[in-house]
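A.B. asks: So that we are looking at the same thing, I have put the structure below in structure tokens.
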Ligand code: SF4
């Protein structure tokens with residue numbers, strides 16, 4: 261059996277080994293992926309019923325003194341009735357600022373848990389569907405992190421925001437895709453030169469952050485990566501991007517660093533095959549900002565297709581092309597107008613967290629919110 265066959269999702273490897281085998285490991289999901297509900301297609305529900313539900317949600321929002329915080333990947337009707345739409349870092353910041361009595365977040369459980377850990381005593385945190393999970397978060401196991409810390413005394417743990425609260429509670433720092441490289445750089449510069457550092461769970465984002473710090477002259481010797489991935493982003497492979505670039509030679513390309521094409525795309529830029537300004541890497545929210553700023557009229561975007569809606573609102577004059585039209589997160593699509601409405605109406609699907617875990621997890625979460 262070759263070494264790459266022995267490595268499985270969730271394993272922890274020295275960064276140099278992880279980086280060398282990133283394209284050969286099976287990082288498939290370890291949890292069942294639900295079927296995308298038909299209501300995820302905005303056209304499935306008649307327009308009059310959608311309008312009725314939206315009107316009711318807006319009325320209930322006022323009545324309950326609620327704030328609706330939606331992730332960019334949820335269906336567009338939900339985004340339209342939301343107070344804030346953004347990625348996990350943005351929503352965590354918006355939630356922390358709010359005094360609303362109810363925070364309701366159409367997204368997935370790991371984000372809902374952040375709100376529940378950070379909420380003020382009078383607030384209630386609700387989710388339209390408590391069963392909306394995440395294949396990437398499922399790769400990170402708190403027990404494995406404790407084992408790694410036991411084997412690496414003094415080791416520091418940076419966990420990506422896509423982890424559950426028990427993993428965050430084992431972490432020293434949390435980061436989002438928007439500030440992953442900056443958080444890693446901060447930890448390298450504010451730790452003992454012998455202290456090992458574990459970055460988890462997304463190996464593609466870990467690769468991206470590792471290359472960033474390598475460029476800045478840091479060694480990767482004390483960095484460890486977990487072999488985790490999101491099944492949606494991992495499935496966006498180099499051939500998807502190459503095909504769209506062939507079909508749209510004048511288009512700019514923007515890639516989320518969780519994608520399975522990240523390392524190949526970085527190689528294209530680093531070897532000068534594609535100019536840096538034509539192939540860029542951004543977080544979910546960073547893509548929305550970038551599309552407004554770049555001069556190109558066509559933009560190929562490599563991430564979950566739901567991000568096209570906020571991007572098209574930010575730059576209505578641009579033509580957006582998904583690198584893969586199949587990049588659809590079934591967990592995010594479990595949020596529907598109906599379950600958002602029902603949750604607000606009956607004040608159900610409350611997200612609660614273990615207070616002891618929340619206290620421990622708050623420290624890395626607050627560091628994430630404050631860095632970059
Ligand atoms: S797109 Fe991937 S990382 Fe994001 S919630 Fe869905 S499964 Fe998790």
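Numbering (the numbering used here), first residue to last: 261 to 632. Cβ atoms here follow ideal geometry from the backbone N, Cα and C, with glycine treated the same way. Small disclaimer: the values here were computed from a predicted structure and weren't measured.
Check each residue's C-beta against every heavy atom of ligand 1 and list, in chain order, those closer than 7 angstroms.
C.D. replies: 333, 368, 394, 395, 396, 397, 422, 490, 491, 492, 493, 518, 564, 589, 591, 592
A.B. asks: Drop a sphere of 10 angstroms on the beta-carbon of residue 530, count the other beta-carbons inside from all chains shown, and report buried for 16 or more, exposed for fewer.
C.D. replies: As a working mapping, residue 530 is identified with position 270 in the chain shown. So residue 530 counts as exposed.
A.B. asks: Within the same chain, show all residues whose beta-carbon is closer than 8 angstroms to that of residue 334, passing over the 5 residues directly before and after it, in chain order.
C.D. replies: For this step, residue 334 is matched to residue 74 along the chain shown. Only 366, 367, 566, 592, 593, 595 meet the Cβ criterion.
A.B. asks: From what residue to what residue does the alpha helix (DSSP H) around residue 268 run?
C.D. replies: Here the question's residue 268 lines up with position 8 in the chain shown. Premise fails: residue 268 is in no alpha helix (DSSP H) and is neither H nor E.
A.B. asks: Tell me the rounded alpha-carbon separation between residue 561 and residue 515.
C.D. replies: Numbered from its first residue, the chain shown carries residue 561 at position 301. Numbered from its first residue, the chain shown carries residue 515 at position 255. Spanning the two alpha carbons is a distance of roughly 6 angstroms.
A.B. asks: In chain order, which continuous runs of the alpha helix (DSSP H) of length 4 or greater are located wholly inside the stretch 418 to 488?
C.D. replies: 425 to 429, 440 to 449, 463 to 475
A.B. asks: In this structure, how does DSSP classify residue 561 when only helix, strand and coil are distinguished?
C.D. replies: Position 301 of the chain shown, counted from the first residue, corresponds to residue 561. Three-state result, residue 561: strand.
A.B. asks: Do residue 627 and residue 443 count as a contact pair if the criterion is CB distance below 9 angstroms?
C.D. replies: Start at 1 with the first residue of the chain shown, and residue 443 comes out as number 183. Start at 1 with the first residue of the chain shown, and residue 627 comes out as number 367. Going by C-beta atoms, residue 443 is nearer than 9 angstroms to residue 627.
A.B. asks: Is DSSP giving residue 624 helix, strand or coil here?
C.D. replies: Reading the chain shown from its first residue, position 364 is the one you call residue 624. It is helical.
A.B. asks: Express the C-alpha separation of residue 278 and residue 483 in angstroms, rounding to a whole number.
C.D. replies: Looking up residue 483 in the chain shown gives position 223. Looking up residue 278 in the chain shown gives position 18. Each residue's Cα considered, the two are about 10 angstroms apart.
A.B. asks: Does the distance from the CB of residue 460 to the CB of residue 400 come in under 9 angstroms?
C.D. replies: For this step, residue 460 is matched to residue 200 along the chain shown. For this step, residue 400 is matched to residue 140 along the chain shown. Yes, Cβ-Cβ distance for residue 460 and residue 400 is below 9 angstroms.
A.B. asks: Excluding the 5 residues preceding and the 5 following residue 590 in the sequence, name in chain order all residues of the same chain whose CB lies nearer than 6 angstroms to its CB.
C.D. replies: Taking the chain shown and counting its residues from 1, one reaches residue 590 at position 330. Excluding residues within five positions, the ones whose Cβ falls inside 6 angstroms are 293, 294, 296.
A.B. asks: In the DSSP assignment, the alpha helix (DSSP H) including residue 321 goes from what residue to what residue?
C.D. replies: Taking the chain shown and counting its residues from 1, one reaches residue 321 at position 61. Here the alpha helix (DSSP H) through residue 321 covers 307 to 323.
A.B. asks: What three-state label does DSSP hand residue 596 in the structure shown?
C.D. replies: Mapped onto the chain shown, residue 596 falls at position 336. Coil.
A.B. asks: Mark residue 518 as exposed unless 16 or more other C-beta atoms lie within 10 angstroms of its C-beta, in which case mark it buried.
C.D. replies: Numbered from 1 along the chain shown, position 258 holds the residue referred to as residue 518. In summary, residue 518 is buried, with 16 or more beta-carbon neighbours lying within 10 Å of its beta-carbon over all protein chains present.
A.B. asks: Assuming residue 291 is part of the beta strand (DSSP E), what are its boundary residues?
C.D. replies: Translated into the one-based positions of the chain shown, residue 291 becomes position 31. Taken as a continuous stretch (DSSP letters only), residue 291 belongs to no beta strand (DSSP E), as it is neither H nor E.
A.B. asks: Is the separation between the beta-carbon of residue 430 and that of residue 620 shorter than 9 angstroms?
C.D. replies: Along the chain shown, read from residue 1 onward, the residue named residue 430 stands at position 170. Along the chain shown, read from residue 1 onward, the residue named residue 620 stands at position 360. Yes, they are a contact pair.
A.B. asks: Please state if the CB of residue 505 and the CB of residue 534 are separated by a distance shorter than 9 angstroms.
C.D. replies: The residue you call residue 534 lines up with position 274 of the chain shown. The residue you call residue 505 lines up with position 245 of the chain shown. A contact, by the Cβ cut-off of 9 angstroms.
A.B. asks: Where residue 281 and residue 300 are concerned, what is the direct C-alpha to C-alpha distance, given to the nearest angstrom?
C.D. replies: The residue you call residue 281 lines up with position 21 of the chain shown. The residue you call residue 300 lines up with position 40 of the chain shown. One C-alpha to the other measures close to 36 angstroms.
A.B. asks: For residue 304, count neighbouring C-beta atoms within 10 Å of its own C-beta (all shown protein chains included) and say buried if the count is 16 or more, exposed if not.
C.D. replies: Here residue 304 refers to the residue found at position 44 when the chain shown is read from its first residue. By the neighbour-count rule (16 or more Cβ atoms within 10 Å), residue 304 is not buried but exposed.
A.B. asks: Let me check one thing: in DSSP terms, what residues is residue 384 bridge-paired to?
C.D. replies: Against the chain shown, residue 384 aligns to sequence position 124. Residue 384 is bridged to 362.
A.B. asks: Could you spell out the range, first to last residue, of the beta strand (DSSP E) harbouring residue 331?
C.D. replies: Your numbering for residue 331 matches position 71 in the chain shown. Note, residue 331: beta strand (DSSP E), 326 to 331.
A.B. asks: If you run the structure through DSSP and keep just helix, strand and coil, what is residue 581?
C.D. replies: Reading the chain shown from its first residue, position 321 is the one you call residue 581. It is a strand residue.
A.B. asks: Exposed or buried, residue 494, counting other C-beta atoms within 10 Å across all chains shown (16 or more means buried)?
C.D. replies: Counting from 1 along the chain shown, the entry for residue 494 is found at position 234. Buried.
A.B. asks: For a quick check, are the C-beta atoms of residue 289 and residue 500 less than 9 angstroms apart?
C.D. replies: Numbered from 1 along the chain shown, position 29 holds the residue referred to as residue 289. Numbered from 1 along the chain shown, position 240 holds the residue referred to as residue 500. Their beta carbons are not under 9 angstroms apart, which means residue 289 does not touch residue 500 by this criterion.
A.B. asks: Considering only residues of the same chain and omitting the five flanking positions on each side of residue 618, which have a CB-CB separation below 6 angstroms?
C.D. replies: Counting from 1 along the chain shown, the entry for residue 618 is found at position 358. The answer, listed in chain order, is 377.
A.B. asks: Taking 9 angstroms as the threshold (C-beta atoms), are residue 558 and residue 579 in contact?
C.D. replies: The residue you call residue 579 lines up with position 319 of the chain shown. The residue you call residue 558 lines up with position 298 of the chain shown. Yes, the Cβ-Cβ distance between residue 579 and residue 558 is below 9 angstroms.
A.B. asks: Tell me whether the beta-carbon of residue 371 lies closer than 9 angstroms to the beta-carbon of residue 395.
C.D. replies: Taking the chain shown and counting its residues from 1, the one referred to as residue 371 is at position 111. Taking the chain shown and counting its residues from 1, the one referred to as residue 395 is at position 135. No, the Cβ-Cβ distance between residue 371 and residue 395 is not below 9 angstroms.
A.B. asks: Who pairs with residue 541 in a beta bridge, going by DSSP?
C.D. replies: In the chain shown, the residue the question calls residue 541 occupies position 281. Answer is 515.
A.B. asks: What are the partner residues of residue 344, as DSSP defines its beta bridges?
C.D. replies: Against the chain shown, residue 344 aligns to sequence position 84. Beta-bridge analysis with DSSP links residue 344 to 329.
A.B. asks: Compute the distance between the beta-carbons of residue 276 and residue 588, then report whether it is under 9 angstroms.
C.D. replies: By 1-based counting over the chain shown, the position of residue 276 is 16. By 1-based counting over the chain shown, the position of residue 588 is 328. In this structure, residue 588 does not lie closer than 9 angstroms to residue 276 by Cβ.
A.B. asks: What residue from 435, 373, 410 has the CA that sits closest to residue 631's CA?
C.D. replies: Indexing the chain shown from 1 puts residue 631 at position 371. Of the candidates 435, 373, 410, the one whose C-alpha sits nearest the C-alpha of residue 631 is 435.
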